[in-house]
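K.L.:
My questions all concern the structure below.
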Amino acid sequence: MAGEPATRSHAIGPLGTALAGLMLGASWNLAGAHEIAVAGQISIADMHTISVVFEDELDSSAFHAISISGGIEVAEYSHVPDGPNLLLVELKESTPLVSGEVCTITVEDPAGGAPAQFSFEAFSLEGEVANIRESQLPGGGISTNVSGAPGWNLGDPIRIVPYFACSSAMGLLYAHRLTGDTSLLDDARRYLDWHGDHFEPDGTITDYTGRFPNYSSTGDFDSTDSYGALYLMLQWLYHQETEDFEYLREALPFLELAEQAMDLTYEPDNLTWAKPTYRVKYTMDNAEVVQGYFAAARLAEILGEEEFYSHSIERARLVREAVHSELFVDEPAPGRYGWAKSEGGTIHQGWEWEDYYPHATANEFAIFYTHTGTDPQGIAAWEAHREQFLPGGVPHPRASWAMPASALRMGDDAAFLAAMPRVLENHREWHYAHRSGHLIKLAWLTREVRVRVPEVKGHLAVRADFTDPAWRGAYRMRFHRLGELMGFDNRMTYEYPRASLDPHAVHTIYFLKEGRFLHLGIHARDRFITSAAERIDSDGLAPFSIRDALDPDVYHAIFYTFHPDEGSATIPVPHPAHLFKGENRARTAFEFLDGGNAPNNPDSRDTGYFLHLRIPLDHPSAGALPPGTRRFELGLRIADMDGTPGQEWPWGSGAEGRVMQLSKGTDLATSTSNMAELEAAIPESTSPTSDLWIITGR
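Last residue of the sequence shown? That's 703 in my numbering, and every number before it is there in order.
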């Protein structure tokens, strides 16, 4: 399901609403000046960067000077690599865009003709959060329409579509990731509670309409498969943010109901009908169903619900494979996704592939939710999509959030920068709460990773189970092989030599600061703990690195991997891979989760481990960060391998797996480009260095 609030009948044709608002987005092409197709921000969290998309290519003489109305000053502007019609404009720090204000960008014609101009509205993270909050009813439900601040007024129209409401609530959770505002968690929880209270016995949930304060069920829903999937995705994202195991345990019946809604229309070809009374298998819906089952599996694994977990992870794999095999069409080359499979087996595409909704959105959902940036089929689909809906680098007038999202998935920065201004232009026309949720998600996806490290209030006990209350307030990052898809933090992964959607590890990384020490915790749930002397070829932290404060070309790395004692069939402890010496057990803790924990053990559901390191940030071997430091650069890579090179069992060709990291590049110099921001500055050292856990450096 995708698009604006509409009945399913709209899904078989164009959305049908023409662009409005010629004033906002008006452009001129007089006396030979270059025409601007669209302009606007590259993120609602960035009030200083504007992307300008021209109708044709630019050269060095194409623009003479750039100005922006409202007293906004331009710092610099430049062409975008791989975007010959793109101009990126940076504003001075002192004159940012102001949310809600319309400004006009003017590009002078060097030949003396009339300038090219474009007017756009600025949006902000705070404004979109407010839009969602103003759409939330006192009882927790989130309406598609804004009440009209402040508060809800008697008689205001209400329309709660659980699918859209879940997207709105996810926006609140992504906003929490960006801001750390814990009140956003409360708002998301209120919606989850509302959703849980309105499940039908078969796992479905209906739409609700009325006039404030009264509303009632319509008795119908747009779909059953997507509604269930979005709820599960929301629950998984909520748990990532809170790690509230008690709430998750209480929510188990609702998780099972939501999965039951997807199972309700699950067919032998491993695809789902939209709903029992509407027997069409939509590409958009099934792409979401992949993520719904995947989210259910992750939650069931945490709860120790083996049967639920096995069912969910297997269906996630099967639906993903079916999306790729049943809904992808090779002709015309280079291939793309049809938008639906009918009851008779027909794949709808071909000459119809011309309307943005549903044709473009189907392709985008399949790319974003089921592919990585290196999948050949995903690459082909994106090439076809860009040719059709981004011709010449100019985005389609109806571009939705999924266009820049799928561009990000495929690593196409130029397409992302072209698409975002169009998405924001359309947001002014359709200012629904769920659109705000998508914009916040895009802001999170495009952020520079800035790890916000809170200060421990009081002493943190060094133990491996993370039960100390301080860990609940830690900054957390999560990694998974397909982690680009469902709220994980890894930006880029590379395969060794292949990877698939199977029950492999979720690595959670915790960051806390205590005085001059950085507490780094790892919680890994992994069926296959691998053993190897080679650091990068087995499970573990490979590596965590900190840039030297005095020499920017030096990176200090901490490698931790599994290496059994010689002749041992089991793995007793992780191995510090030559980077630690004088290991002080008072400053580290390690513990396996329940399970066999033998190397490459496929039979143990909950094999995994806790690891806790306490690193002195001001020590020369950890970057020599001086007292008073609040920000430093870090890099992070996680290896999740199944088997070890050279092993005959059970993978005759050696290991398979994936290395996951925060930034592009495979060496320390290119993987260390992320910021850590400490809640409290590093104090002066107060204990002798001999008392430290000494790190030898590289």
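For glycine and all other residues, C-beta sits at the position ideal for the given N, C-alpha and C.
Can you list, in chain order, the residues of its chain with a C-beta nearer than 7 Å to that of residue 520? Leave out the 5 residues immediately preceding and following it.
P.N.:
On the sequence shown, residue 520 is found 515 positions in, with the first residue counted as 1. Excluding sequence neighbours, residue 520 sits near 688.
K.L.:
Give the secondary structure of residue 675 by DSSP, where H, G and I count as helix, E and B as strand, and everything else as coil.
P.N.:
Within the sequence shown, numbered from 1, the residue matching residue 675 stands at position 670. In this structure, residue 675 counts as helix in the three-state DSSP scheme.
K.L.:
In whole angstroms, what is the alpha-carbon distance linking residue 351 and residue 329?
P.N.:
As a working mapping, residue 351 is identified with position 346 in the sequence shown. As a working mapping, residue 329 is identified with position 324 in the sequence shown. C-alpha of residue 351 to C-alpha of residue 329: approximately 15 Å in a straight line.
K.L.:
With a cut-off of 8 Å, do at least 3 Cβ pairs link the stretch 86–98 to the stretch 47–63?
P.N.:
yes
K.L.:
Spatial neighbours of residue 28 within its chain, please: CB distance less than 6 Å, with the 5 preceding and 5 following residues excluded, ordered by chain position.
P.N.:
For the purposes of this step, residue 28 is taken as residue 23 along the sequence shown, with counting starting at 1. Residue placement at residue 28 is poorly supported in this model, since its pLDDT is 32, which falls under 50; the coordinates still yield a value, given next. Excluding residues within five positions, none has a Cβ falling inside 6 Å.
K.L.:
Suppose contacts are defined by Cβ-Cβ distances below 7 Å. Is residue 191 in contact with residue 145 by that definition?
P.N.:
Taking the first residue of the sequence shown as 1, we reach residue 191 at position 186. Taking the first residue of the sequence shown as 1, we reach residue 145 at position 140. Result no, Cβ atoms of residue 191 and residue 145 do not sit closer than 7 Å.
K.L.:
Return helix, strand or coil for residue 362, following the three-state DSSP convention.
P.N.:
For the purposes of this step, residue 362 is taken as the residue at position 357 of the sequence shown. Helix, per DSSP.
K.L.:
With respect to the alpha helix (DSSP H) encompassing residue 288, which residues constitute its N-terminal and C-terminal limits?
P.N.:
Residue numbering aside, residue 288 sits at position 283 when the sequence shown is read from its first letter. Its alpha helix (DSSP H) spans residues 288–308.
K.L.:
Between which two residues does the alpha helix (DSSP H) carrying residue 188 extend?
P.N.:
Taking the first residue of the sequence shown as 1, we reach residue 188 at position 183. Residues 188–202.
K.L.:
CB-CB under 6 Å to residue 683, same chain, minus the five flanking residues each way: which ones, in chain order?
P.N.:
On the sequence shown, position 678 is the one that residue 683 refers to. So the list reads 458, 518 and 635, once near-sequence residues are dropped.
K.L.:
Between 401, 238, 84 and 97, which has its C-alpha nearest residue 78's C-alpha?
P.N.:
Locating residue 78 in the sequence shown gives position 73, counting from the first residue. Nearest C-alpha to residue 78: 97.
K.L.:
Taking just the CA atoms, how far does residue 230 sit from residue 551?
P.N.:
Residue 551 sits at position 546 when you count from the first residue of the sequence shown. Residue 230 sits at position 225 when you count from the first residue of the sequence shown. Answer to the nearest angstrom: the Cα atoms are 45 Å apart.
K.L.:
Is the distance from the Cβ of residue 410 to the Cβ of residue 427 below 7 Å?
P.N.:
As a position in the sequence shown, residue 410 is number 405, starting the count at 1. As a position in the sequence shown, residue 427 is number 422, starting the count at 1. Taking 7 Å as the Cβ cut-off, residue 410 and residue 427 do not qualify as a contacting pair.
K.L.:
Please state whether DSSP places residue 517 in a helix, a strand or coil.
P.N.:
Here residue 517 refers to the residue found at position 512 of the sequence shown. Reduced to three states, the DSSP call for residue 517 is strand.
K.L.:
If you draw a straight line from the alpha carbon of residue 581 to that of residue 562, how long is it in whole angstroms?
P.N.:
The residue you call residue 581 lines up with position 576 of the sequence shown. The residue you call residue 562 lines up with position 557 of the sequence shown. Note on residue 581: pLDDT 46, under 50, position unreliable in the model; the coordinate value appears next. Between residue 581 and residue 562, the C-alpha separation is close to 11 Å.
K.L.:
I need the boundaries of the alpha helix (DSSP H) containing residue 245, first residue and last residue.
P.N.:
If you number the sequence shown from 1, residue 245 lands on position 240. 230–247 is the extent of the alpha helix (DSSP H) around residue 245.
K.L.:
Could you tell me if residue 462 is buried or exposed, where buried requires 16 or more neighbouring beta carbons within 10 angstroms of its beta carbon?
P.N.:
As a first step, residue 462 is located in the sequence shown; it is residue number 457 there, counting from the start. Answer is exposed; the Cβ neighbour count stays below 16.
K.L.:
Candidates 247, 223, 389 and 436: which alpha carbon is nearest residue 513's?
P.N.:
Position 508 of the sequence shown, counted from the start, is the residue given in the question as residue 513. 247 is the residue among 247, 223, 389 and 436 whose C-alpha sits nearest the C-alpha of residue 513.
K.L.:
Confirm, please, whether the CB-CB distance from residue 234 to residue 293 is below 7 Å.
P.N.:
To locate residue 293, count along the sequence shown from 1; it is residue 288. To locate residue 234, count along the sequence shown from 1; it is residue 229. Yes, they are a contact pair.
K.L.:
In chain order, what residues of the same chain have a beta carbon less than 8 Å from the beta carbon of residue 630, not counting five sequence neighbours either side?
P.N.:
Counting from one through the sequence shown, the residue named residue 630 turns up at place 625. Hits under 8 Å: 551, 554, 622, 623, 637 and 687.
K.L.:
Could you give the DSSP three-state label for residue 54: helix, strand or coil?
P.N.:
Residue 54 sits at position 49 when you count from the first residue of the sequence shown. Here residue 54 carries a strand assignment [DSSP, helix/strand/coil].
K.L.:
Taking the straight line between their C-alpha atoms, what separation do you get for residue 615 and residue 526?
P.N.:
Numbered from its first residue, the sequence shown carries residue 615 at position 610. Numbered from its first residue, the sequence shown carries residue 526 at position 521. The straight-line gap from Cα to Cα measures roughly 7 Å.
K.L.:
Going by the CB atoms, is the gap between residue 128 and residue 201 shorter than 7 Å?
P.N.:
Translated into the one-based positions of the sequence shown, residue 201 becomes position 196. Translated into the one-based positions of the sequence shown, residue 128 becomes position 123. Not in contact: residue 201 and residue 128 (Cβ atoms no closer than 7 Å).
K.L.:
Check the C-beta distance from residue 510 over to residue 496 and give it rounded, since I have them as a contact under 8 Å.
P.N.:
One-based indexing of the sequence shown puts residue 510 at position 505. One-based indexing of the sequence shown puts residue 496 at position 491. No, residue 510 and residue 496 are not in contact; Cβ-Cβ is about 18 Å, not under 8 Å.
K.L.:
If you count every other CB in all the chains shown that lies within 10 Å of the CB of residue 102, and 16 or more means buried, which is it?
P.N.:
Along the sequence shown, read from residue 1 onward, the residue named residue 102 stands at position 97. Buried: at least 16 other Cβ atoms inside 10 Å.
K.L.:
For the beta strand (DSSP E) containing residue 480, list its first residue and its last residue.
P.N.:
Residue 480 sits at position 475 when you count from the first residue of the sequence shown. First-last of the beta strand (DSSP E) with residue 480: 480–484.
K.L.:
Could you name the residues that DSSP lists as bridge partners for residue 596?
P.N.:
Numbered from its first residue, the sequence shown carries residue 596 at position 591. According to DSSP, which records beta bridges pairwise, residue 596 is partnered with 615.
K.L.:
Using 8 Å as the threshold, is the stretch 205–217 in touch with the stretch 156–163, meaning 3 or more CB pairs across them?
P.N.:
yes
K.L.:
Write down the C-beta distance between residue 705 and residue 374 rounded to the nearest angstrom, noting that I regard them as a contact closer than 8 Å.
P.N.:
Nothing about residue 705 can be reported from this structure: the residues present for the chain run from 6 to 703 only.
K.L.:
Quick test of the definition: if touching needs 3 or more C-beta pairs under 8 Å, does the stretch 167–180 touch the stretch 110–119?
P.N.:
no
K.L.:
Sorted by chain position, which residues of the same chain lie with C-beta nearer than 6 Å to residue 179's C-beta, five sequence neighbours on each side aside?
P.N.:
Counted from its first residue, the sequence shown places residue 179 at position 174. These residues qualify, in order along the chain: 445, 446 and 449.
K.L.:
Name the residue from 341, 359 and 331 whose alpha carbon lies nearest to the alpha carbon of residue 347.
P.N.:
Counting from one through the sequence shown, the residue named residue 347 turns up at place 342. Checking every option, the nearest Cα to that of residue 347 belongs to 331.
K.L.:
Could you tell me the alpha carbon to alpha carbon distance between residue 437 and residue 110, rounded to whole angstroms?
P.N.:
Indexing the sequence shown from 1 puts residue 437 at position 432. Indexing the sequence shown from 1 puts residue 110 at position 105. C-alpha separation (whole angstroms): 26 Å.
K.L.:
Can you list, in chain order, the stretches of the beta strand (DSSP E) that have 3 or more residues and sit fully within the stretch 433–481?
P.N.:
455–458
K.L.:
Apart from the five residues on each side of it in sequence, which residues of its chain come closer than 6 Å, Cβ to Cβ, to residue 48?
P.N.:
For this step, residue 48 is matched to residue 43 along the sequence shown. For residue 48, where only same-chain residues beyond five positions count, the Cβ hits under 6 Å are 448 and 451.
K.L.:
In the DSSP assignment, find the beta strand (DSSP E) that holds residue 529 and state where it starts and stops.
P.N.:
Start at 1 with the first residue of the sequence shown, and residue 529 comes out as number 524. Counting along the chain, the beta strand (DSSP E) containing residue 529 begins and ends at 522–530.
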